[in-house]
Amino acid sequence: MKIYSKCLKGKQGYASYDSHWLPCCWLPNFGEYYENSIFSKPVFDLERHALEQVARNDAFREFIKILLKDPEQAPYTCKKRCSFDSKSTSNDLN
Ligand code: SF4
0 MKIYSKCLKG
10 KQGYASYDSH
20 WLPCCWLPNF
30 GEYYENSIFS
40 KPVFDLERHA
50 LEQVARNDAF
60 REFIKILLKD
70 PEQAPYTCKK
80 RCSFDSKSTS
90 NDLN
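Using numbering that gives the first Met the number 0, read the sequence shown as starting at 0 and increasing by one per residue.
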């Protein structure tokens, strides 16, 4: 499997209900992932950090590294939405 991350190719980021930045709007559609993910950590809180900081912090770099180098460990949403072999549409996840 290879993930072609739309968030690295211009897809807009997203601000959650509790002011945390995420790389796309698909991730929070799966609450169980967001609540337990790195994006729920304070380092992604837009009330504490500027957007330029949260989008370039070490935790996000680590997330990108997983997407690019170890895609099997990526979140389900990333595999479903951005993987090369995915046949899914947005309706598949509802
Ligand atoms: S689903 Fe994952 S890989 Fe795709 S745009 Fe969102 S964060 Fe990036």
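By construction, the Cβ of each residue, glycine as well, lies at the ideal position given by its N, Cα and C atoms.
Please read these numbers as outputs of a predicted model, since none were measured by experiment.
P27 beta carbon near the ligand SF4 (any heavy atom closer than 8 angstroms)
Taken from the Cβ of P27, every heavy atom of the ligand SF4 lies 8 angstroms or farther away.
D17, enclosing alpha helix (DSSP H) - first and last residue
First-last for D17: undefined, no H or E at that position.
Determine the direct distance from the alpha carbon of P41 to that of Y75, and round the result to whole angstroms.
23 angstroms
Is R80 near the ligand SF4, going by C-beta to nearest heavy atom under 8 angstroms?
yes
Could you please give the first and the last residue of the uninterrupted alpha helix (DSSP H) stretch that includes L67?
57–68
Put L21 into one of helix, strand or coil per three-state DSSP.
strand
If you draw a straight line from the alpha carbon of L26 to that of C6, how long is it in whole angstroms?
11 angstroms
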